[in-house]
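Colleague:
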Amino acid sequence: LSQATAGGASGSSRLNRHQSPSVTSPTLTSATSSSGGASSGQLTSLVVTQLNILLSTTKESNFRTQAEKIRRLLDENGMELFETYFKRLLHNSWSLVFPKETRPGGSSAESHQMLAQELDKIATDPQQAEKVAQALDVAEGSNFNYEAFIEHFQLGPLPKTALLLATRTVAKSDQRRTADSAVSAILQPFLTALISPSPPGSQDDLSPAVLATIIERLSQEPPTDWGERQREDFIYAIKMRYQKLGSRIPAAVDSSLYLNELLESPDSRIARAVQRAGTQCTSSLDACKEMLAGVDTRDISYPQIANALLLMVIAQGGEAYDATTFVQGLRAHKAGSKIDWTDVVQGFDKEPLRVTKKQFLGLYNALLPLARDYANFDIQSLWGGTWQWPATQLSFVVAFLSTAEEELDVTQIPNFRQAFTLADYNDAPDSIKAFAAQAVKHPLVSKDATEALFLMIFRTQEAYNEAQMLGIPETLINPNMTVFICAAAAVPKPWGALQEQALKQLFYPFILKQHPNYDFVMHSLWMQDKTWVAGRMVEFYQQDTMLLTFLYDHAVEHGWLELLLTIQSNFGVDLATYAHGQNRCNLVEWAQPHMAQMGPNNFARALLAFMRPKMDEEMITQKEPGTRPTTVPLSLRTVHGLLMLLAELFGDEELGSVYRQSLQTYPRLFNYGEDEKRDAILEASCMKGHALPDEAGLAMEERYKRMYSGSSNPDDVVNELKELKVSADPAQQDLFAAMLHGLFDEYNCFGEYPNEALATTAVLFGGLVSLNVLSGVAEQAAIYMVFEAVSEYTPDDSMYRFGLQAMIHLQERLEEWPHVAGRILHTENLRNTQPWARAERVLKGLQQDSVGLNGDAVNGIANGVLDEEFPVESSAPSFSAIHIDPPFRPEIYEDPNEDVSDKIMFVLNNVSKRNLDEKFKDLAGALEDRHHQWFAHYLVEELAKSQPNFQGLYLQLLESFNKKVLWQEVVRETYISCAKMLNAQSTMDSTTERTNLKNLAGWLGALTLARDQPILHRNISFKDLLIEGHATQRLLVAIPFTCKALIQAAHSKVFKPPNPWLMELLGLLSELYVFGELRLNLKFEIEVLCKDLNLDIKSIEPLEIIRVRPTTPEMHSMLQPYVPDGADGFGDAHLMSLSKRAPSERFSPEA
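Residue 836 in the UniProt record's numbering sits at position 836 of the sequence shown, and the numbers go up by one each step.
1) Taking a contact to mean a Cβ-Cβ separation below 8 Å, would you say Ala209 touches Pro157 in this structure?
2) Output yes or no for whether 8 Å exceeds the beta carbon distance between Trp94 and Gly78.
3) If we count the other Cβ atoms within 10 Å of its Cβ and call it buried at 16 or more, is Val445 buried or exposed?
4) Starting from the C-beta of Asn583, find all residues in its chain whose C-beta is less than 6 Å away, skip the five residues before and the five after it, and write them out in chain order.
5) Can you look up Ser712 in the DSSP assignment and give me helix, strand or coil?
6) Return the CA-CA distance between Gln664 and His741, expressed in angstroms with no decimal places.
7) By the 10 Å Cβ neighbour count, where 16 or more other Cβ atoms means buried, how is Phe326 classified, buried or exposed?
8) Comparing C-alpha positions only, which one of Ser1021, Leu1069, Ile1039, Leu1007 sits nearest to Ala1049?
9) In this structure, how does DSSP classify Glu1013 when only helix, strand and coil are distinguished?
10) Classify Pro250: buried if its beta carbon has 16 or more other beta carbons within 10 angstroms, exposed otherwise.
11) How would you label Cys749, buried or exposed, when you count the other beta carbons within 10 angstroms and need 16 or more for buried?
12) Comparing alpha-carbon positions, which option in Leu1062, Ile270, Leu89 lies nearest Leu1016?
13) Report the option in Gly471, Glu942, Glu216 whose CA atom is closest to the CA atom of Leu245.
14) Based on the DSSP output, what are the partners of Gln418 in its beta bridges?
15) How about Asn671 and Lys725: are their beta carbons less than 8 Å apart?
16) Please say whether Asp734 and residue 1155 have beta carbons closer to each other than 8 Å?
17) By how many angstroms is the C-alpha of Val345 removed from the C-alpha of Val313?
18) In the DSSP assignment, the alpha helix (DSSP H) including Glu973 goes from what residue to what residue?
19) Compute the Euclidean distance between the alpha carbons of Lys980 and Lys513, then round it to the nearest angstrom.
20) Which partner residues does Ile882 have in the DSSP bridge list?
21) Do Leu669 and Val718 have their C-beta atoms within less than 8 Å of each other?
22) On the three-state DSSP scale, how would you describe Asn602?
23) Tell me the residue span of the alpha helix (DSSP H) that contains Pro730.
24) Taking its Cβ as the centre, do 16 or more other Cβ atoms sit within 10 Å of Gln393, making it buried, or is it exposed?
25) Among residues of its own chain, excluding the 5 on either side of Val965, which ones have a beta-carbon nearer than 8 Å to its beta-carbon?
26) Between which two residues does the alpha helix (DSSP H) carrying Ser524 extend?
27) For Val295, does the three-state DSSP call read helix, strand or coil?
28) If you count every other CB in all the chains shown that lies within 10 Å of the CB of Gly318, and 16 or more means buried, which is it?
29) Return helix, strand or coil for Pro835, following the three-state DSSP convention.
30) Counting C-beta neighbours from all protein chains within 10 Å, is the total for Thr974 16 or more, i.e. buried, or is it exposed?
31) If we count Cβ pairs, one from each stretch, closer than 8 Å, do we get three or more for the region 73 to 87 versus the region 129 to 138?
32) In whole angstroms, give me the CA-to-CA distance for Lys945 and Lys1044.
33) In terms of alpha-carbon separation, which member of Leu309, Glu720, Asn1094 lies closest to Ala738?
34) Once you ignore the five residues that flank Ala936 on each side, which residues in its own chain have a CB closer than 6 Å to its CB?
35) Between which two residues does the alpha helix (DSSP H) harbouring Thr282 extend?
As structure tokens, then:
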């Protein structure tokens, strides 16, 4: 094709590489195409004939079909056929376009419709205006009426301007002059339309690519009246347009605006040489060499090359020049071997450059051969690394990540750094492996690109807002969420708060299985960082415990269950119990390592604390069936398993109230645990819920009415219950449970029964135990209830009479239960009763057979006798919540001589902010490692404890030493001093001593929490300290000490709210504040703590620890932050160490 010569335009040779847009769609983009049926630039008569036939046979009835055939023909033959096609359309519809002209022409409505479609594309296709202008240039004579043509099709100011600017480059001078004049006349309407964007889809809905072309034409070939003021108005109109649209200026528009600035730069001499030479300078390698031969060798530098490349990919939509040929020409230049192409890429890092995907691909394809040939050139620097201008880098990153596989094959990138590889999934299931094979082909798998994107857009809220305006989440992340989250999770930690929050939010839908490839994400993230995944699972569970079933499914599907069960938190307990209900966890084996770490008592109380809210909610659900549960219910077998576990740890006597509550909540538990077949029947009945059916309740009421009316007696009821107990009929089992459940529920009302009914009930109750109708949990609960009746009431009360009568009936089994006999002898209300006498006979007989044995039965007698012989001390015991570690290096420690000690004490007593550096030098010169223990003792006992205003200076001195062993010794000495003062009676008695204790607490917090170091549970358990303080009336020292230590968490990144360890302690303090009847000064300490932590004491939900606490003094909870010995509670070492289970064995009292 011939090349136009006017105005320096590239003419049709440039357009020949593009497809013609669809004749049926106004929004097609251009794409390269071959010349198809053309030969040596000349259309064959066959192609023209084919086009004419299609046009001549196009009717309203076949318009779509014919138009599609024409579009394919145009795609195959390029611009030359388009000119013929456009000319034919105009000729066929001439009378419709120019009705007032006498020139003969067709009036085809179909051709007119196609012609209108071609003009509509001017607003969306950046090449269309020039294609139309070129077609008109060769189609008509000099008298062609442009104004009438544009007016007929009612082109708006924006597409009209695009067409007129393109017409200024055509060959015919008269058309150029007409267009130039028209452009000057339409500038004001153009700016007005530009500043007021039209609704999407309208004629003036100008695409960014078309606007970019207009910008370039106005900048490079301004019209006659175009000056600085017009240029400023134009830029202002562009900014206002996109401001009104609520979006950022598109990259295509931005880069076109930048082009003018680029060409004015001193570093653009090569770029200007390229522009002067015209597009033909990169049409071949020889042409490029010829152009470069005229460039001063001194200009072959990376800024010059970078700007020249940018010109090529930006100018005229990136279609005018061939950047790949330009790079080849540079390599062949005599200075080519000295070019550092990494520096050239760095030359793109400039403000305010933003590139489109097409421009990026132009640069990438030009530079890719260099990356293949040169080991020292990494093409991944085109999007990765740290850039000076983040907005510019972001545009390169987004452009790269937006490419399709056919545009950029990431597998061909030399030395490609991947967030994950296909080899990582060798051991994965086939479905995950299959998805990974596709995922590794996506640009998001680029470690450099995804890391840059993740860190930039989630750096701050403002950065994310900017990314939203650019449409990055909607166009890039959301459609590719699966690959993005897996790649982003590989970004090295630590992350910022917003980055952490973003990935958590993106991860959450995969937890809920809301994405089709959730299994790939779960597998990938666990593979990369199981600690992070486990932490998020715990966090999600804490926000909504009903997620447990999802978390369990993931754990089972991917084989994580055993490891997750080692987590020491409420989540770990709930997961273990749910897994037990699914036959995937042995509770005894699961409990062993936790019990070993926590101690049997603490572990048992933690299980009780876990069960209570479960039972409370189950009761609410049964009473109000429509209530939405907030926690996953326990299965019947799991409730029984937990109770058996607790019985191993506590003993039945301590669990009586728990047994009773469990039976009230889970009524089928009455007959569970004796026979596997019956257990299976009961479990199947519980699948629909733990509540008993109404039919069972009605049948139960009928039987008790008969008994209390005299129609039947307790023996009849017991006999029927014996039959129901062994029945294989689920309905009969439900009736058995209903009858016992109803009787136990009535227990609190027995005292209101008439004497006859009370006696009948007592006989029935005692008979159920003595005749083995009740067993296991139910039996122990019944015994507890009988003892409660005779212990809590006086002999004059009806409840006491009930208890005594029932005990008379169950005394026949005392030989089986020596511990029950022992309890009878400990129950003063039973003295001189029939059960008392029977118990004495039973125990005397056992004494003769078992003297000296260390068994439960004998222990019961021994305790009964010995308890009265040892009076209780009046003074409070030492706090068990504080323990001291042994010295780190006791073998080397010794006290310094008098000269050294005097020198050290002088420095410490005279240090100030002004002389800190000087005094440290004196101190460092005098203090040896063997004196660390003495130094720590003096520093803590003589200075830090009594001089809080100087604690900051002492800490700076310690930091200056930078010796971990010295710091450890100071912390240890602080624990020693704290323990002495907490346990000293003088601290309770003296205001001065209590002030020193608070000083010590602040010093301890500054040594640890303020430096993101934990106060280890083995050293001080603040929770137990407060509980012991409440139990022994020593909150006067426990609360201020705790508050002053915790107040240092305000300076911590790890322990400040909402750290779960801290929040639990605040919950306990809140409970003491609200329900503990504290003195005003203790309430004030708690208020000050909350204020310094930016919390309101009223907003902190009180725990239920003190209020529901058993009488046993020790009460620890396992439901605390999962931090064994440091701030990183989810460290792999912690998880793995807990997962190494001990051999299965039953618990012993010594465990």
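Glycine included, C-beta positions come from ideal geometry on N, C-alpha and C.
Modeller: With the given structure in hand:
1) If you number the sequence shown from 1, residue 209 lands on position 209. If you number the sequence shown from 1, residue 157 lands on position 157. Cβ atoms of Ala209 and Pro157: not closer than 8 Å.
2) As a first step, residue 94 is located in the sequence shown; it is residue number 94 there, counting from the start. As a first step, residue 78 is located in the sequence shown; it is residue number 78 there, counting from the start. Contact: no.
3) Within the sequence shown, the letter at position 445 stands for residue 445. So Val445 ends up on the buried side.
4) The sequence position of residue 583 within the sequence shown is 583, counting from 1. Answer for Asn583: no residue qualifies.
5) Working through the sequence shown from its first residue, we reach residue 712 at position 712. Three-state DSSP puts Ser712 in coil, outside helix and strand.
6) Within the sequence shown, residue 664 is the residue found at index 664, counting from 1. Within the sequence shown, residue 741 is the residue found at index 741, counting from 1. Roughly 6 Å separates the two Cα atoms.
7) Counting from one through the sequence shown, the residue named residue 326 turns up at place 326. By the 10 Å Cβ count, Phe326 comes out buried.
8) Sequence index remark: in the sequence shown, residue 1049 carries index 1049 (1-based). For Ala1049, the nearest C-alpha among the options comes from Leu1007.
9) If you number the sequence shown from 1, residue 1013 lands on position 1013. The sequence shown places Gln at residue 1013, not Glu. DSSP places Gln1013 in coil when its eight states are reduced to three.
10) Your numbering for residue 250 matches position 250 in the sequence shown. Pro250 comes out buried.
11) The residue given as residue 749 occupies position 749 in the sequence shown. With fewer than 16 Cβ atoms within 10 Å of its Cβ, Cys749 is classed as exposed.
12) If you number the sequence shown from 1, residue 1016 lands on position 1016. The shortest C-alpha separation from Leu1016 is found at Leu1062.
13) Counted from its first residue, the sequence shown places residue 245 at position 245. For Leu245, the nearest C-alpha among the options comes from Gly471.
14) For the purposes of this step, residue 418 is taken as residue 418 along the sequence shown, with counting starting at 1. Ser446.
15) One-based indexing of the sequence shown puts residue 671 at position 671. One-based indexing of the sequence shown puts residue 725 at position 725. It is a contact, given that the beta carbons lie within the stated cut-off.
16) It is not possible to answer for residue 1155, since the shown part of the chain is limited to 1 through 1151.
17) Taking the first residue of the sequence shown as 1, we reach residue 313 at position 313. Taking the first residue of the sequence shown as 1, we reach residue 345 at position 345. So the two alpha carbons sit approximately 14 Å from each other.
18) Along the sequence shown, one-based indexing puts residue 973 at 973. Glu973 -> alpha helix (DSSP H) spans 964 to 983.
19) As a first step, residue 980 is located in the sequence shown; it is residue number 980 there, counting from the start. As a first step, residue 513 is located in the sequence shown; it is residue number 513 there, counting from the start. Cα to Cα, the separation comes out at about 55 Å.
20) Residue mapping note: residue 882 aligns to position 882 of the sequence shown, counting from 1. Ile882 is bridged to Ile1020.
21) Locating residue 669 in the sequence shown gives position 669, where the first residue counts as 1. Locating residue 718 in the sequence shown gives position 718, where the first residue counts as 1. No; because the gap between Cβ atoms is not below 8 Å, this pair is not in contact.
22) As a first step, residue 602 must be located in the sequence shown, where it is residue number 602. Of the three classes helix, strand and coil, the one that applies to Asn602 here is helix, per DSSP.
23) In the sequence shown, counting from the first residue as 1, residue 730 sits at position 730. Here the alpha helix (DSSP H) through Pro730 covers 730 to 745.
24) Residue mapping note: residue 393 aligns to position 393 of the sequence shown, counting from 1. When all chains shown are included, Gln393 counts as buried.
25) Taking the sequence shown and counting its residues from 1, one reaches residue 965 at position 965. If we look at Val965 and ignore the five residues flanking it on each side, its Cβ neighbours are Phe888, Arg889, Asp929, His932.
26) Indexing the sequence shown from 1 puts residue 524 at position 524. That run of the alpha helix (DSSP H) goes 518 to 528.
27) Numbered from its first residue, the sequence shown carries residue 295 at position 295. Residue state, collapsed to three classes: coil.
28) Taking the first residue of the sequence shown as 1, we reach residue 318 at position 318. Buried, since its Cβ has 16 or more Cβ neighbours within 10 Å.
29) If you number the sequence shown from 1, residue 835 lands on position 835. Pro835: helix per DSSP, three-state reduction.
30) Along the sequence shown, read from residue 1 onward, the residue named residue 974 stands at position 974. Burial call: buried.
31) yes
32) Within the sequence shown, numbered from 1, the residue matching residue 945 stands at position 945. Within the sequence shown, numbered from 1, the residue matching residue 1044 stands at position 1044. If you take the alpha carbons of Lys945 and Lys1044, they lie about 13 Å apart.
33) Locating residue 738 in the sequence shown gives position 738, counting from the first residue. The shortest Cα separation from Ala738 among Leu309, Glu720, Asn1094 belongs to Glu720.
34) In the sequence shown, counting from the first residue as 1, residue 936 sits at position 936. For Ala936, where only same-chain residues beyond five positions count, the Cβ hits under 6 Å are Glu969, Val970, Glu973.
35) For the purposes of this step, residue 282 is taken as residue 282 along the sequence shown, with counting starting at 1. Premise fails: Thr282 is in no alpha helix (DSSP H) and is neither H nor E.
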